[in-house]
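J.: So the mapping is simple: this note's numbering equals the position in the sequence shown, first residue as 1, plus 1.
For every residue, glycine included, the Cβ atom is placed at its ideal position computed from N, Cα and C.
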Amino acid sequence: MQRILQRKKLMIGLAAFLAILLAVDWLSGGVSQRLIYGTAQLSIESTPPGAAVFIDGSAVGVTPIGVAARPGEVILKLSHRFHSDFVERLRVARGEDRKVAIVFPPERGSLRVITNPKGAKVKVNDEPLAGETPLDIASLATGEHVVRMTIPGRAAVTRTVEVLPGAASEVSVDLERIPMGVLIVQVTPEDATVTFADGALRYRSGMDIPIGDYALTVSRPGYASLNTTAKVNVGRTVHTVVLEQQFAQLQVRARPANATIEVHHGAGRLAKTEPYYEGMRLAVGTVEVKAQAPGYRRFSKSLQLKAQGTELAIDLQRIDVRAGETIADALRVGGIGPDTIVVAAGPFVLGGVQVAITQPFAMGVYEVTRAQYRAFADATARGMPDAQAHETDTHPIVKVDRDDATAYVRWLSAQSGHHYRLPSEAEWEYAARAGMPAVASATICEQGNVADKTAAKSFRDWDTADCDDGQVRTAAVGSYRPNAFGLYDVVGNVSEWVQDCWYADHAKARRDGGARVDPGCMNHVVKGGSWDVFAQDDYVSGREPASSGADDRGFRVLREF
């Protein structure tokens, strides 16, 4: 009896479980409904989703969706606002579970953008379009698009626009004026660069700009960059920024140990050259280091001093040239540069001041000719002085000022790969004297082209030499005998530009023979006399101030080692 009762309880429990399971399946539209009523299950998806689903003309929901369908043939329709309708006949069986996935093909429409006022720039989905409003976009993918319209000085407007299949859509907006201000960023140092952090605008002082907050970056080599925010109000906004200058240590090691080292740093009015010392700290940026030692080639290098410091090792190379050796360098444009001749180092007296030329150098054998200067003028599009009637390509170039002469030697350096410059006054006079105390006046017409008897026939009021060199004006270079160092025309022909600024005497002359220069000086020194001068005193020590070119002024070059 007990076993019978247990069996009944088990059967009742099993029946209850099956009843619950059947109820859950029924309520969820499961297989029980389809078996009893004879339906099929459709799982419908679409790309893009959100399409309205119709079965046999009746709306049943939107994708993705699962629906019951009667067995047999059904008409499935999907309708999406950005695509043409999809219609398909399906045959389904009783109890079937079918998945239907539909991909709508891409379609296009058109869009017209209108603004008041016209002339706005347009972006669609952050992509800038060519042209300005009114703007017609003939072909645009269907769907929602973000359209942004901007005109400087007016508030930008953003709209979300629907483009439908084969339809012409339109967006029309008014762009309202926005309050403007004037932005002036006062920076220290004055040549610092100001940029907008987002790159959308280019800064210029006093620019008109919509009011608001703007992120700026202010920077300059040698200073710590600064990010700042300028709040622009109606009217004039002055935003002040002071950059902090960065300093770093420059460490230089040179061989031989007796080398002297100079460092040029700064720019403009702050430019400065000073002797190097251990632990030297300078503003971060470009510096030029120069080193020299007797018997060694000069060294010069421009480098970037970094915030963490910079080290430089210099190994000077011995000079392996002999006095009297001639040198002419090949030029990149073709041909060769001026002939130069090596002049040995040595002491001499410059206007009562004892000077020691410690380094040999190569001086131009001749004054620079018209042909040589023309190569430079043609290569740099610099003006070429007109020739006088008697002048040929072998005559010295005249009517050039000191800036012209300096530009020529810089070009010559770039063309040859060697350092050319104008000589200092001391170097010029040392080479012109060639170890002699003075130029013998009795043989002056053999040594150079000066104001003489021939010149007196044309210029009767001149003081002239009591000899005849055969020339009234300039002569071709090398027409007279050279001095003891092999240099021609250091007496007469044309007076020659040197590096030095004009000072009335040599009291403060450099004892190493270097040039006395000042960026602000108005007059520079010319040396050697010219075709229109007869000097009772020594030609090579004679000197004059000059500030411009003339028909009796030229120059010669010096090549460093």
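My output table needs one value for C502: the three-state DSSP class, helix, strand or coil.
T.: C502 falls in the strand class under three-state DSSP.
J.: So G182 packs on N234, CB below 8 Å; how close in whole Å?
T.: With a Cβ gap of about 5 Å, G182 and N234 count as contacting.
J.: DSSP puts L79 in a beta bridge; with which residues?
T.: DSSP output for L79 lists V54, F87 as bridge partner(s).
J.: Can you tell me which of the three DSSP states G555 falls into?
T.: Strand.
J.: Which residue wins for smallest C-alpha separation from H525, given the options V264, C468, D402?
T.: It is D402.
J.: Y224: buried (16+ other C-beta within 10 angstroms of its C-beta) or exposed?
T.: The residue in question, Y224, is buried, as its Cβ has 16 or more Cβ neighbours within 10 Å.
J.: If you measure between the beta carbons of G280 and Q246, is that distance less than 8 Å?
T.: It is not a contact, given that the beta carbons lie outside the stated cut-off.
J.: Looking at the secondary structure, which residues open and close the beta strand (DSSP E) in which L413 lies?
T.: Counting along the chain, L413 falls outside any beta strand (DSSP E), though it belongs to the alpha helix (DSSP H) covering 403 to 417.
J.: In its own chain, which residues sit with a C-beta less than 8 Å from the C-beta of K454, not counting the 5 before and 5 after it?
T.: Around K454: T465, A466, D467, C468, D469.
J.: Can you give me the Cβ contacts of G310 inside the same chain, cut-off strictly under 6 Å, excluding the 5 residues immediately before and after it?
T.: Excluding sequence neighbours, G310 sits near A249, Q250.
J.: Roughly how far, in whole angstroms, is the beta-carbon of I179 from the beta-carbon of R237, given that I think they are within contact range, below 8 Å?
T.: That pair is no contact at about 17 Å.
J.: Closest by CA to F360, which one among Y297, L332, R375?
T.: It is Gln, not Phe, that sits at residue 360 in the sequence shown. Selected option, being the one with the closest Cα: Y297.
J.: Comparing C-alpha positions only, which one of R109, P339, K124 sits nearest to I115?
T.: Selected option, being the one with the closest Cα: K124.
J.: On the three-state DSSP scale, how would you describe L36?
T.: Confidence in L36 is poor, its pLDDT being 47 and thus under 50, which makes the residue's placement too unreliable to answer from.
J.: What are the residues that DSSP puts in a beta bridge with E163?
T.: Answer is E145.
J.: Is the CB-CB distance between F362 and R560 below 8 Å?
T.: The answer is yes: Cβ separation under 8 Å.
J.: From Q472 to A456, what does the alpha carbon distance come to, in whole angstroms?
T.: About 7 Å.
J.: For the region 282 to 296 and the region 255 to 267, state whether three or more C-beta atom pairs, one from each stretch, are separated by less than 8 Å.
T.: They touch, by the three-pair rule.
J.: Just the Cα atoms here: how many angstroms apart are A258 and G515?
T.: If I take the Cα positions, the gap works out to 22 Å.
J.: Three Cβ pairs or more, each shorter than 8 Å: is that satisfied between the region 546 to 554 and the region 428 to 440?
T.: With a cut-off of 8 Å, the region 428 to 440 and the region 546 to 554 do not count as touching, because too few Cβ pairs lie within range.
J.: Could you give the residue range of the alpha helix (DSSP H) that holds E561?
T.: Note, E561: premise wrong, no alpha helix (DSSP H); not H, not E.
J.: Considering only residues of the same chain and omitting the five flanking positions on each side of G418, which have a CB-CB separation below 8 Å?
T.: Closer than 8 Å at the Cβ level, and outside the excluded window around G418, lie D330.
J.: With a 10 Å radius around its C-beta and 16 neighbouring C-beta atoms as the bar for buried, classify P339 as buried or exposed.
T.: Its Cβ being crowded by 16 or more others within 10 Å, P339 is buried.
J.: Pull up the CB-CB distance for V174 and R155, whole angstroms please, since I reckon it's below 8 Å.
T.: Rounded, the Cβ-Cβ distance is 10 Å, inconsistent with contact.
J.: Which word fits D519, buried or exposed, when buried means at least 16 other C-beta atoms lie within 10 angstroms of its C-beta?
T.: Under this definition D519 is an exposed residue.
J.: If you reduce the DSSP assignment to three classes, tell me which class G73 lands in.
T.: It is a strand residue.
J.: Given that a residue counts as buried once 16 or more other Cβ atoms are within 10 Å of its Cβ, and exposed if not, what is E171?
T.: Label assigned to E171: exposed.
J.: Could you tell me which uninterrupted beta strand (DSSP E) segments, each at least 3 residues in length, are contained entirely in the region 463 to 548, listed from first to last along the chain?
T.: Here the runs fully enclosed are 496 to 502, 525 to 528, 544 to 547.
J.: Quick check: does the Cβ of Q252 come within less than 7 Å of any heavy atom belonging to the ligand FAD?
T.: Ligands in the displayed structure: none, and consequently the ligand FAD is not present.
J.: Where DSSP assigns a beta bridge to V322, which residues make up the other side?
T.: DSSP lists no partner for V322.
J.: What is the DSSP secondary structure of G347, reduced to helix, strand or coil?
T.: Strand.
J.: Please name the residue in D513, G62, V440 whose C-alpha comes closest to that of S44.
T.: For S44, the nearest C-alpha among the options comes from G62.
J.: In angstroms with no decimal places, state the Cα-to-Cα distance between R554 and V410.
T.: Using only the alpha carbons, I get a separation of about 16 Å.
J.: For the beta strand (DSSP E) containing R434, name the first residue and the last one.
T.: Looking at the DSSP string, R434 is not in any beta strand (DSSP E); the run it does join, the alpha helix (DSSP H), is 426 to 434.
J.: Over what stretch of residues does the beta strand (DSSP E) that includes Y278 continue unbroken?
T.: Unbroken run through Y278: none, as it is neither H nor E.
J.: Within a Cβ cutoff of 8 Å, which residues of the same chain sit near D501, ignoring the five residues on either side of it in sequence?
T.: Here the set comprises S425, E426, A516, R517, V518, H525, V526.
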